[in-house]
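The next block holds one structure in the form of structure tokens; read it before the comments.
Residue numbers (the working numbering): 6 to 66.
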């Protein structure tokens with residue numbers, strides 16, 4: 006199970022990627038700012054950013 010703070014950060018990353026209407030680049034930039042709000046989830050944010058950076062064909066929206 007994930008800690009509550011990690012769940013909140015993951016939920017926020019989902020919103021930024023899929024519900025805010027942001028480009029992938031803007032969503033990634035916003036995601037990289039999340040550790041300021043959720044310091045305990047910095048590792049989860051870094052993992053998501055690495056995943057997004059490694060995507061060759063983009064992500065399905």
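Just so you know, even glycine gets a beta-carbon here, dropped at the ideal spot from N, CA and C.
- The three-state reading of DSSP puts residue 64 in coil, since its state is none of H, G, I, E or B.
- Boundaries of the alpha helix (DSSP H) harbouring residue 51: 47–59, taken from the DSSP string.
- For the options 25, 31, 36, the alpha carbon positioned closest to that of residue 15 is the one of 36.
- Residue 23 sits in a helix when the DSSP states are folded into three classes.
- Here the alpha carbon of residue 39 sits roughly 7 Å from the alpha carbon of residue 50.
- The closest CA to that of residue 10, considering only 57, 62, 48, 63, is found on 48.
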